[in-house]
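See below for the structure under consideration.
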Amino acid sequence: MSLSQAQQRAVRRTGQDVCVVAGPGSGKTLVLVERFAWLVEQGTSPLRILAITFTEKAAFEIKRRLVERFASDPDARRQIERAYVSTLHAFCLRLLKENALAAGLDPRFELLDEREQTAELNRALRQSLDELYARRPRELRDLLESWRREKPEQDILAAFEALRLSGKPIANWRDENPPEGAFQKLIAAVREMRGASPPPTTEAQARRLAELDSWLRSAPEGPVTRRHFDFLKDFACNKKGLKEGHPIHDRLDDIRGPKMDDARAELVAAYYAPQRETLIRAVERFDEIYRNNKREAARLDFSDLEEQAIALLRSNAELRRTTQENFEAVLMDELQDTNPLQWELMDLVRRPGRFFAVGDINQSIFGFRHAEPGVFERFRERVARQGEVDCLSENYRSRAEVLGAVDRVCEGMAGIASNPLEARRRFTRSGAAVEVVGATAETVPDAERIEARWIARRIRDLHAQIAIEDRNLGPRPARFRDFAVLVRNSASVGPLEPALAEFGVPYLLARGKTFFEEPEVTDLVAVLRAIENPLDEIAFAAVARSPLFGLSDEALLRFKLDHKDPEEFAELRALLDEVRPWKDELPPDRLLGRVLDERGYEDSLQPAARANIDKLLALLRDWHASRPSALREWLDQLEGLRAEHEEPSAPANDSPDAVSVMTIHAAKGLEFPVVFLAAMHKGVDARKSSLLYRPGRGLGMRWRDPFKDQGIPDAIHLTNSLEVSDKERCEADRLLYVAMTRAEERLLLSFSYKREEHPKAWPEQVLAGLGLDFQEITISEAPDAPELEQAETERSTAEAEPVARPEVSRYEATASVTAIAQFAECPRRYYLERYLGLEALRPRFHEEEEIPEDRTAGELSASELGTMVHEILAGTFAGAPAPEARDLASRFDASELGRRAAGAVRIEREWDFVHAVEDIVLRGQIDLWFEEEDGRTVLIDYKTDRDESRIGHYALQLRLYAAAIEKMTGRSPSEAWLFFLRSGRAAPVQVQDATAWVARFKEAQDRQSFPLETGAHCRACPFFRGRCPAVL
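Written as structure tokens, this is what we have:
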């Protein structure tokens, strides 16, 4: 695709930092890709360009386009495949991995995923509160009583997250001083009002003045007590008997409103100062526990990546200089979604005049993730002062009539910066491009049902009537996948599902963050609960009524009345009894797999439900692999995540032809020929957390009124709440803008309202901008559903048209090279040790006399020695190594291979890799590989074994390592060697394709076939003469 003049100017601009304001549909990704390509064409190595995106999907898309762009240049393509095109977190991870010791981190640190982080945060917070209760129970009770929050954990965690992203320590909360003097200002204002009042001329006036005099005389002094709140409560002055122009009449609203609120906020902060200090101490202890737990486990969370990377670059001037010099150019996508901490990191990485950023403040809609649009605005202003800002206003997506509607509706909105869009894509005119409908009825729910049915009917009509102007194919008949229904939040979807089903409209529903509430997930969690506890009648009844068994309410009632199992329960009891003995032996996903296979539960489910089951099984599998635990612990963790963690439902497999139903946030970055923006009357929850932290203002709290069971915000909370409300209103403007600009050809806007009560916000803004009134667009009757053919009726009841899909796979989605090698040597050992996660019934060595003769007390074990030697050779070992480990490492350095490695032009040690083979994500760590001046690549794997007879076993590992190097670099190693450190012997390994073993590995798991392979290796197996029946 050729570039427009504006795009070309942005791509080729030099001599300054570049700020590209890229409106929707303006080719933002194209410009970023072309900037990268242009830099390469100008002689910049792809390996010296850092491109930062905010999602892995975006990074993949950018790299894919670049690889296509340089398809005819193999060298450039290979470098691009290794280039730094990644998310900000991935860049931080790479930086910290490469400089772990300088950052004070364990080089083997791993990342907590979002679910693990939520679980660890909750665990640390509970421990902190438990400790406080054990040591100072009165203080904790006082805090909870004054706070009046049944479950304060969620508010604490939200404030803690906001504080971390600001880069400030918790101790700063103590230094924050709220505004003072509001109480005295209130008294002064009342005194001034009283003094300005003329002598009374009526009895009512006399009473007002007497009330004021009495109130002023009773003003308390000294430290804040309950008497101060009594004093404010006793202010009873009103306007009765007073006319406009009288000082009391004219000033009373201000006194009873803002001034009284400010005074109350000041008093409540002083009154509850001890409780605030208790909270700060508890959060400091929580932070300490959380950090210690992560340190001991060598784990980091995503915020740590940013914090640690910033701290490393701040404190290490040499590394900061080297990092900046390594990158000739830094490119950043979606700058409007950056927070201040991320911006600080980019400031430390980039050089002046080498930064290229793309963004659009009008599309900043992720405030709930702490994105700060002001970051982009300040960068734009700075570039404007020093050079030129590139504005891309040409829109290559939408019909001119759609863009005209966007401009008219959004013009003048507080959250929208002026950037009129110019339509550059040409369409054949066909019908109205923009439609607006308001559904009304006696109640809002009835109106919402009318609106939903109108949407379903309109989709069917347009699907049958219009042609879509495909960019590649030209005009073609409309498909259901050309349509999208966007909503502000997932709670608005309810009326749409039955309406779409009734009208025979297939759809895919992105439900949002409700994974743990999905019926299929709650069904399977109930199965685990029933397995764990045979006395849990609630779980048993849930399983019985679920589609797993489908028992009737009558059967359950008989069970409740007779306390005897009806015949229908026998099968359920039998299955639970069969799997229960294995509940602490098998991982929980295997327990569920047994039940699913037995009952055929998934056969009748739709794609979205099946995807959720796959996701639950994968979650349980990953958790168990990282930290094997009893089933009871997994159930507790699931309950904690359900209560505290918003988890998105799994995406279903794509349907060949279905309407997309999703939130506006999920639609960001997407486009559809026909867009319905539904339920515009739905707002967001305006309630504010009881804890509100804002950088520069501090932590505000809403406390309990000492006299009433209601909340009073302190001064900081009051200010923060106003600021947050302003930001939310501006973001709501941008959310409407993003929703409307997703449409290519047609935009249909709808809302519902109770008769005679016109809705505000978006409906009002849309109607005003388009010059419409309610009478013109109102409907009050639901359209009739068409009579559908049987096949169409069956299809419409699904969230998407059912597609052929295999049974849920029971194979591991990821596997290490070591696991594949172990499987190749003995599938049965792999099955017992890695697949089922079982421990040996006997130790490897039973008694002290069976310990090998050359191992004495205090010596390193073989595993410990091997780890130390590898760390010495990788240059990551800290401290004084054991003499034996030092000697073994020196044998490689002194060998011919060691000398060749020392002279290599590129060398990689402890090289981690991940790549896909046969639908398995293969991961591993290569001890050493290097490139020599002549281009030869050499692969080496160290072994500390005394037994050198297992070359065949290790050869498979090297061949899989070789495949990974070829995948990542484009070239297969020229040589592969096993280096036995004890003898100093190097054994060559022929490099050949070994991926067939990955296929066999996957097939064995699908078939659940793990045959026993007996041989000499059995004697070293921990399951020999235990769980394994092998006989030698």
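Residue numbering for the sequence shown follows the working numbering, starting at 609 and increasing by one per position. Ideal placement from N, C-alpha and C gives every residue a C-beta, glycine not left out. Small disclaimer: the values here were computed from a predicted structure and weren't measured.
- Query: Going by C-alpha distance, which of LEU817, GLU1516, GLN950, ASP842 is nearest THR695?
  - Reply: Here residue 695 refers to the residue found at position 87 when the sequence shown is read from its first residue. The residue with the shortest Cα to Cα distance from THR695 is GLN950.
- Item | Span of the beta strand (DSSP E) around LEU658 | Numbered from 1 along the sequence shown, position 50 holds the residue referred to as residue 658. First-last of the beta strand (DSSP E) with LEU658: 657–661.
- Buried or exposed: which applies to ARG1437, given that a residue is buried once 16 or more other Cβ atoms fall within 10 Å of its Cβ? Along the sequence shown, read from residue 1 onward, the residue named residue 1437 stands at position 829. Buried, by the Cβ-count rule.
- Query: PRO1477 to ALA1510, Cα distance in whole Å?
  - Reply: Numbered from its first residue, the sequence shown carries residue 1477 at position 869. Numbered from its first residue, the sequence shown carries residue 1510 at position 902. It should be noted that the sequence gives Val, not Pro, for residue 1477. The straight-line gap from Cα to Cα measures roughly 17 Å.
- Rounded separation between GLN1373 and VAL1017 - CA only: By 1-based counting over the sequence shown, the position of residue 1373 is 765. By 1-based counting over the sequence shown, the position of residue 1017 is 409. If I take the Cα positions, the gap works out to 6 Å.
- Message: DSSP three-state label for HIS1523, please.
- Response: For the purposes of this step, residue 1523 is identified with residue 915 of the sequence shown, where counting begins at 1. Residue state, collapsed to three classes: strand.
- Name, in chain order, the residues that DSSP records as bridge partners for ILE1076. One-based indexing of the sequence shown puts residue 1076 at position 468. ARG1084.
- Since ALA1092 and MET1348 are thought to touch, with beta carbons under 8 Å apart, how far apart are those beta carbons, to the nearest angstrom? What you label residue 1092 is simply residue 484 of the sequence shown in a count that begins at 1. What you label residue 1348 is simply residue 740 of the sequence shown in a count that begins at 1. Not confirmed; about 12 Å, so no contact.
- Comparing alpha-carbon positions, which option in ILE1534, PRO1630, GLN1073 lies nearest ALA1571? Against the sequence shown, residue 1571 aligns to sequence position 963. Measuring from the Cα of ALA1571, the nearest candidate turns out to be ILE1534.
- Would you kindly report the start and end of the unbroken beta strand (DSSP E) that includes LEU1594? Within the sequence shown, numbered from 1, the residue matching residue 1594 stands at position 986. Checking the displayed sequence, the identity of residue 1594 turns out to be Ala instead of Leu. Its beta strand (DSSP E) spans residues 1593–1596.
- Secondary structure of ASP1262, DSSP reduced to three states: Numbered from 1 along the sequence shown, position 654 holds the residue referred to as residue 1262. Note that ASP1262 has pLDDT 46, beneath the 50 cutoff, so the model's placement of it is unreliable and the number below is only indicative. ASP1262 falls in the coil class under three-state DSSP.
- Inter-residue spacing [alpha-carbon to alpha-carbon] between GLU1455 and ALA919: Here residue 1455 refers to the residue found at position 847 of the sequence shown. Here residue 919 refers to the residue found at position 311 of the sequence shown. For GLU1455, the predicted structure reports a pLDDT of 32, less than 50, and the residue's modelled location is therefore unreliable. A value from the coordinates is still provided. C-alpha separation (whole angstroms): 50 Å.
- Should PHE1057 be labelled buried (16 or more other beta-carbon atoms within 10 Å of its own) or exposed? Counting from 1 along the sequence shown, the entry for residue 1057 is found at position 449. Going by the sequence as given, residue 1057 is Arg instead of Phe. By the 10 Å Cβ count, ARG1057 comes out buried.
- Item | Residues bridged to THR1386 [DSSP beta-bridge criterion] | Reading the sequence shown from its first residue, position 778 is the one you call residue 1386. Partner(s): GLY1046.
- Query: Do you know offhand how far VAL1597's Cα is from LEU1566's?
  - Reply: Translated into the one-based positions of the sequence shown, residue 1597 becomes position 989. Translated into the one-based positions of the sequence shown, residue 1566 becomes position 958. Straight-line Cα distance between these residues: approximately 8 Å.
- Considering only residues of the same chain and omitting the five flanking positions on each side of GLU885, which have a CB-CB separation below 8 Å? As a position in the sequence shown, residue 885 is number 277, starting the count at 1. ARG782, listed in sequence order.
- C-alpha distance - ASP1192 paired with LEU1299, whole-angstrom precision: Mapped onto the sequence shown, residue 1192 falls at position 584. Mapped onto the sequence shown, residue 1299 falls at position 691. So the two alpha carbons sit approximately 41 Å from each other.
- Query: Taking the alpha helix (DSSP H) that CYS700 falls in, what are its first and last residues?
  - Reply: Numbered from 1 along the sequence shown, position 92 holds the residue referred to as residue 700. Run containing CYS700: 696–706, per the alpha helix (DSSP H) assignment.
- Message: Tell me which residue opens and which closes the beta strand (DSSP E) that CYS627 is part of.
- Response: Stepping through the sequence shown from its first residue, residue 627 is reached at position 19. Note, CYS627: beta strand (DSSP E), 626–630.
- Is the beta carbon of VAL1283 sitting closer than 8 Å to the one on LEU1355? Numbered from 1 along the sequence shown, position 675 holds the residue referred to as residue 1283. Numbered from 1 along the sequence shown, position 747 holds the residue referred to as residue 1355. Their beta carbons are under 8 Å apart, which means VAL1283 touches LEU1355 by this criterion.
- Query: Are the stretch 1323–1333 and the stretch 866–882 touching, with three or more C-beta to C-beta distances below 8 Å?
  - Reply: yes
- Query: Mind checking whether ARG1032 and CYS627 have CB atoms under 8 Å apart?
  - Reply: For the purposes of this step, residue 1032 is taken as the residue at position 424 of the sequence shown. For the purposes of this step, residue 627 is taken as the residue at position 19 of the sequence shown. Not closer than 8 Å, so no.
- Task: Could you spell out where the beta strand (DSSP E) holding VAL641 opens and where it closes?
- Result: By one-based count along the sequence shown, residue 641 stands at place 33. VAL641 -> not in any beta strand (DSSP E); alpha helix (DSSP H) instead, spanning 636–649.
- What do you reckon, are the CB atoms on ASP1285 and LEU1357 nearer than 8 Å? Start at 1 with the first residue of the sequence shown, and residue 1285 comes out as number 677. Start at 1 with the first residue of the sequence shown, and residue 1357 comes out as number 749. Correcting the residue type first, residue 1285 is Leu in the shown sequence and not Asp. A contact, by the Cβ cut-off of 8 Å.
- If you pair each beta-carbon of the stretch 1541–1553 with each one of the stretch 1577–1586, do three or more pairs fall below 8 Å? yes
- Query: Do LEU773 and HIS978 have their CB atoms nearer than 8 Å?
  - Reply: Locating residue 773 in the sequence shown gives position 165, counting from the first residue. Locating residue 978 in the sequence shown gives position 370, counting from the first residue. Against a cut-off of 8 Å, the Cβ pair of HIS978 and LEU773 comes out as a contact.
- Message: Can you list, in chain order, the residues of its chain with a C-beta nearer than 7 Å to that of PRO595? Leave out the 5 residues immediately preceding and following it.
- Response: A query on residue 595 cannot be resolved here, the shown segment of the chain reaching from 609 to 1640 and no further.
- Query: Which partner residues does PHE987 have in the DSSP bridge list?
  - Reply: In the sequence shown, counting from the first residue as 1, residue 987 sits at position 379. Answer by DSSP bridge pairing: none, since PHE987 is not bridged.
- First through last residue of the alpha helix (DSSP H) which encompasses PRO1435: As a position in the sequence shown, residue 1435 is number 827, starting the count at 1. First-last of the alpha helix (DSSP H) with PRO1435: 1435–1438.
- Task: Buried or exposed for GLY1466, please, with buried defined as at least 16 other CB atoms from any protein chain shown within 10 angstroms of its CB.
- Result: Looking up residue 1466 in the sequence shown gives position 858. Residue placement at GLY1466 is flagged as unreliable, the pLDDT there being 47, under the threshold of 50; the coordinate-derived value follows with that caveat. It counts as exposed.
- Query: Start and end of the alpha helix (DSSP H) containing TYR1115?
  - Reply: Working through the sequence shown from its first residue, we reach residue 1115 at position 507. Run containing TYR1115: none in the alpha helix (DSSP H); it sits in the beta strand (DSSP E), 1115–1117.
- Specify the secondary structure class of THR1036 as computed by DSSP and reduced to three states. Translated into the one-based positions of the sequence shown, residue 1036 becomes position 428. Three-state DSSP puts THR1036 in coil, outside helix and strand.
- Message: Using a Cβ-Cβ cutoff of less than 6 Å, which residues in the same chain neighbour LEU1536 once the five nearest sequence positions on both sides are dropped?
- Response: If you number the sequence shown from 1, residue 1536 lands on position 928. Counting only Cβ-Cβ distances below 6 Å, and skipping sequence neighbours, we find ARG1517, ILE1548.
- Taking one C-beta from the stretch 936–955 and one from the stretch 755–766 each time, how about it: are there three or more such pairs within less than 8 Å? no
- Message: Helix, strand or coil, according to DSSP, for PRO1142 in the structure here?
- Response: In the sequence shown, the residue the question calls residue 1142 occupies position 534. Of the three classes helix, strand and coil, the one that applies to PRO1142 here is coil, per DSSP.
- For TYR1361, does the three-state DSSP call read helix, strand or coil? The residue labelled residue 1361 in the question sits at position 753 within the sequence shown. TYR1361 falls in the strand class under three-state DSSP.
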